[in-house]
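Input: a single structure, listed below in structure tokens.
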Amino acid sequence: RQPVQSLCYQCDEYTNHLFVDDTEHPYTTPADRPFTWIRGRHVGGRSIMWARQTYRLSDYDMKAASRDGFGIDWPIDYATLAPYYDIAERFIGISGQTEGLPQLPDGQFLPPMALTCGEEILKKALHDSFGRTLTIGRCAILTDDLNGRPKCHYCGPCSRGCRTGSYYSSVSSSLPAAEATGRLTLIPNAVVSHVEVDDAGKCRSVYYIDRVTRTHQEVYGKAVVLCASTLESTRIMLNSTSSRYPTGIANSSGVLGHYLMDHVMGGGASGILPVLKGVPDTRGNRPNGVYIPRFRNLEERHPDFLRGYGYQGSANLVKWGHAINIPGFGAEFKQQVRNTRPWSISIGGFGEHLPRYENFCELDKIHVDAWGIPVLHISAAYGDNEKAMINDMADAAEEMLRAAGAEDIEVEREVSAPGLAIHEVGTARMGADPKTSVLNSYEQAHDVSNLFVMDGSGYPSSACQNPTITFMALATRACEYLVEELRASRI
Numbered sequence: 280r281q282p283v284q285s286l287c288y289q290c291d292e293y294t295n296h297l298f299v300d301d302t303e304h305p306y307t308t309p310a311d312r313p314f315t316w317i318r319g320r321h322v323g324g325r326s327i328m329w330a331r332q333t334y335r336l337s338d339y340d341m342k343a344a345s346r347d348g349f350g351i352d353w354p355i356d357y358a359t360l361a362p363y364y365d366i367a368e369r370f371i372g373i374s375g376q377t378e379g380l381p382q383l384p385d386g387q388f389l390p391p392m393a394l395t396c397g398e399e400i401l402k403k404a405l406h407d408s409f410g411r412t413l414t415i416g417r418c419a420i421l422t423d424d425l426n427g428r429p430k431c432h433y434c435g436p437c438s439r440g441c442r443t444g445s446y447y448s449s450v451s452s453s454l455p456a457a458e459a460t461g462r463l464t465l466i467p468n469a470v471v472s473h474v475e476v477d478d479a480g481k482c483r484s485v486y487y488i489d490r491v492t493r494t495h496q497e498v499y500g501k502a503v504v505l506c507a508s509t510l511e512s513t514r515i516m517l518n519s520t521s522s523r524y525p526t527g528i529a530n531s532s533g534v535l536g537h538y539l540m541d542h543v544m545g546g547g548a549s550g551i552l553p554v555l556k557g558v559p560d561t562r563g564n565r566p567n568g569v570y571i572p573r574f575r576n577l578e579e580r581h582p583d584f585l586r587g588y589g590y591q592g593s594a595n596l597v598k599w600g601h602a603i604n605i606p607g608f609g610a611e612f613k614q615q616v617r618n619t620r621p622w623s624i625s626i627g628g629f630g631e632h633l634p635r636y637e638n639f640c641e642l643d644k645i646h647v648d649a650w651g652i653p654v655l656h657i658s659a660a661y662g663d664n665e666k667a668m669i670n671d672m673a674d675a676a677e678e679m680l681r682a683a684g685a686e687d688i689e690v691e692r693e694v695s696a697p698g699l700a701i702h703e704v705g706t707a708r709m710g711a712d713p714k715t716s717v718l719n720s721y722e723q724a725h726d727v728s729n730l731f732v733m734d735g736s737g738y739p740s741s742a743c744q745n746p747t748i749t750f751m752a753l754a755t756r757a758c759e760y761l762v763e764e765l766r767a768s769r770i
């Protein structure tokens, strides 16, 4: 019942209850344009299953269109968003190392986790041979106690949940903080169908179906904030039709559902570090990897593609499979196994997916989900730019591992299907012009002043960094604005 969800690296026999039943939550795609939509419908959502990597964007990302002429700029710059990154990072807790890179701005970091000896070798090789940076992953896992949450004790595996709340999820952090205000009403099992509007075209209520009882319910408010994830929020908007909004609420521009993006993956390399054979790993069960920030199309233009990519990876002792070829038994055998245990090293890239109108989602005209709500038809593909990027990603990965002394290198250059990065963004993009965008810089709908969309839907371009901390920074700024507007009775 989970043919799509099981494609996620986090979905296994211990965690599959956190992922949707694909038979209850279908969607459709063209046969030649597959999209992998990974979802979790429960309190906490995908914040329970995410990989917790948190990297700021910069003006290389937000103003990319001004640099290379493709797409539109974000209607906000880094200097404006930086204070809200600060707020979000201090609240959720990010461990990391400052590096002073303009393309990867530093943040409010807890102490960094340590690199392994293999990662130290790669770091030195990148610096000495290429002038590139390797840093420990900037990760939403505590290395110091924070707001009643204890620091991580490296028990793992994180994908099965964190009893101590040491990694950020809304269940361990945001929801308890909201509950403590005394003003939170949480309604679980609410399958939202659409937003209702009043005669003036403003949001009046949200309509939902109880997942268990199948009863239809309606909740009212002065403002509506959609934060159901990129595609689900857009699905709700497309399904919110009326005489005023015949093609979906806030869609006078006609771009709602369009410019869908995900990070392109599939370029990377792995190998063995012979110099470390038999060296023990003193790192422990570290719940994090390393990051190599973008180095393409910063000051010099690459001849084959626009924008850039970064790598995530690690260097670790391999499992014990090599022992099958070692004769003997007892203490001497065990010591020989330890002395010959190899170290592996691998890096894989995440690249920017250019925003294109022809990558889109729309309501399927035939199929509905288990609650009778029209499902999405998703049509997306990577273009020549992403394919050229993957080739460069693979070549550069091999080059860097060789510089580190790796052997038995295997190179990967197969382009993944869109969706597998689970970084889907776009479809209700922000912009300065209401004729070509859905939201303004406060994630407020141009057409409907009391409708906000505070997830990845508003991204005008995908950048190459994991998006969640930017979702949070944008939402923090948007909430501040929403409160001001409500207090001034402008909403």
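Quick note on numbering: our numbering labels position 50 of the sequence shown as 329, and the sequence is numbered without any gaps.
Note that beta-carbon positions come from the ideal geometry of N, C-alpha and C, so glycine has one too.
In this text the structure is predicted, and so the values were computed from the model without any measurement.
{"Item": "In chain order, what residues of the same chain have a beta carbon less than 7 Å from the beta carbon of E303, not counting five sequence neighbours either side?", "Value": "D648 and A649"}
{"Item": "Find the nearest neighbour of V474 within the set A456, N518 and A459, judged by alpha-carbon distance.", "Value": "N518"}
{"Item": "The alpha helix (DSSP H) that contains R692, what's its start and end?", "Value": "Run containing R692: none in the alpha helix (DSSP H); it sits in the beta strand (DSSP E), E686 to R692."}
{"Item": "If I follow the unbroken beta strand (DSSP E) through A594, where does it start and stop?", "Value": "Y588 to L596"}
{"Item": "If we call anything under 8 Å between Cβ atoms a contact, is I366 one with A419?", "Value": "no"}
{"Item": "Is there contact between the region 554 to 572 and the region 728 to 742, where contact requires at least three CB pairs shorter than 8 Å?", "Value": "no"}
{"Item": "With distances taken from CA atoms, which of R681, L753, G710 and A660 is nearest F314?", "Value": "A660"}
{"Item": "Looking only at C-alpha atoms, which of G710, P746, I701 and A344 sits nearest to Y288?", "Value": "I701"}
{"Item": "Quick one: give me the first and last residue of the beta strand (DSSP E) that F731 is part of.", "Value": "L730 to V732"}
{"Item": "Which value, in whole angstroms, describes the spacing of the CA atoms of D407 and A683?", "Value": "10 Å"}
{"Item": "Answer yes or no: do Y538 and R635 have a C-beta to C-beta separation smaller than 8 Å?", "Value": "yes"}
{"Item": "Since V470 and V485 are thought to touch, with beta carbons under 8 Å apart, how far apart are those beta carbons, to the nearest angstrom?", "Value": "Actually they are not in contact, since the Cβ atoms of V470 and V485 sit about 11 Å apart, beyond 8 Å."}
{"Item": "Is H304 helix, strand or coil by DSSP?", "Value": "coil"}
{"Item": "Check the C-beta distance from V450 over to I327 and give it rounded, since I have them as a contact under 8 Å.", "Value": "6 Å"}
{"Item": "Compare the C-alpha of D301 against each of T307, Q281 and E292 and name the closest.", "Value": "Q281"}
{"Item": "I need the boundaries of the alpha helix (DSSP H) containing E399, first residue and last residue.", "Value": "C396 to F409"}
{"Item": "For the putative contact between I415 and G375, defined by C-beta atoms under 8 Å, what is the C-beta separation to the nearest angstrom?", "Value": "7 Å"}
{"Item": "In the region 729 to 767, which residue ranges form an unbroken alpha helix (DSSP H) of at least 4 residues, counting only runs that do not cross its ends?", "Value": "747 to 766"}
{"Item": "Pull up the DSSP beta-bridge partners for V558, would you.", "Value": "None; V558 has no bridge partner."}
{"Item": "Given N779, which residues of its chain have a CB within under 7 Å of its CB, disregarding the five upstream and five downstream residues?", "Value": "The requested residue 779 is not part of the displayed model; the chain covers only 280 to 770."}
{"Item": "On a CA-only basis, which of F629, F750, D347 and V654 is nearest S695? Give me that one, please.", "Value": "F629"}
{"Item": "Grab me the residues of R439's own chain with a C-beta within less than 8 Å of its C-beta, minus the 5 sequence neighbours each way, in chain order.", "Value": "Y293 and T294"}
{"Item": "Beta-carbon within less than 8 Å of K342's beta-carbon, same chain only, minus the 5 sequence neighbours each way: which residues are those?", "Value": "D352, W353 and D356"}
{"Item": "Between I571 and Y590, how many whole angstroms is the CB-CB distance? I'm expecting something under 8 Å.", "Value": "4 Å"}
{"Item": "Determine, using beta carbons only, whether V543 and R708 come nearer to each other than 8 Å.", "Value": "no"}
{"Item": "What separation, rounded to the nearest whole angstrom, lies between the Cα atoms of R565 and M392?", "Value": "8 Å"}
{"Item": "What do you get for G324, buried or exposed, if any count of 16 or more other CB atoms within 10 angstroms of its CB means buried?", "Value": "buried"}
{"Item": "Whose C-beta lies closer than 7 Å to the C-beta of A685 among residues of the same chain, with five residues either side of it excluded?", "Value": "G550, I551, L552 and I624"}
{"Item": "Quick check: T755 and Y363, are their CB atoms within less than 8 Å of each other?", "Value": "yes"}
{"Item": "Taking the continuous beta strand (DSSP E) assigned at E641, which residues delimit it?", "Value": "F639 to V647"}
{"Item": "With F584 and N664 assumed to form a contact (beta carbons below 8 Å), what rounded beta-carbon distance in angstroms separates them?", "Value": "5 Å"}
{"Item": "In terms of residues, what are the limits of the beta strand (DSSP E) holding S716?", "Value": "Premise fails: S716 is in no beta strand (DSSP E) and is neither H nor E."}
{"Item": "Cβ of G386 within 8 Å of Cβ of E368?", "Value": "yes"}
{"Item": "By how many angstroms is the C-alpha of G536 removed from the C-alpha of G698?", "Value": "15 Å"}
{"Item": "To the nearest angstrom, report how far apart S445 and V717 are at their CA atoms.", "Value": "36 Å"}
{"Item": "Can you name the start and end residues of the alpha helix (DSSP H) that F370 belongs to?", "Value": "Y357 to I371"}
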